[in-house]
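Numbering (this note's numbering), first residue to last: 14 to 131.
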């Protein structure tokens, strides 16, 4: 197993830094404690833990995790992800969709994705 994977946090309490978000009474800490996810944008340079934090949220909220890359995913991938999320919902499961590099969505990708997040 790669070192980065072994050192990756397995709970929000293992995350180092981000106290402005994860400290007591801060927005993400409150979301974790409540068990109620909400839409959000995680912003920062590569390697700071955005994807890891999203995966931790999915675990904490007992939700399925679907990751999409705006660079690598096409409209079909987006539609497939939405369909999977709808199937999970039909079975009483939540879904957390993580879109990496969302600002790189082209018009077709946006048109396929936006109706489901509005």
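By construction, the Cβ of each residue, glycine as well, lies at the ideal position given by its N, Cα and C atoms.
When the five nearest sequence neighbours on each side are left out, the beta carbons in the same chain lying within less than 7 Å of the beta carbon of residue 122 are those of 83, 88, 91, in order along the chain.
As for any alpha helix (DSSP H) of minimum length 4 sitting wholly inside the segment 53-112, the runs are 63-73, 88-103, ordered along the chain. Contact between residue 22 and residue 109 does not hold, since the beta-carbon distance rounds to 16 Å and is not under 8 Å. Between residue 28 and residue 66 the beta-carbon gap is near 7 Å, inside 8 Å, which marks them as a contact.
Relative to the Cα of residue 44, the nearest Cα in the group 77, 70, 112, 126 belongs to 70. In the structure shown, residue 45 adopts helical secondary structure according to DSSP, grouped into three states. The C-beta of residue 47 has fewer than 16 other C-beta atoms within 10 Å across all chains shown, which makes the residue exposed. Residue 17 is classed as exposed because its beta carbon has fewer than 16 other beta carbons within 10 Å across all chains shown.
Linking residue 38 to residue 93 through their CA atoms gives a straight-line distance of about 36 Å.
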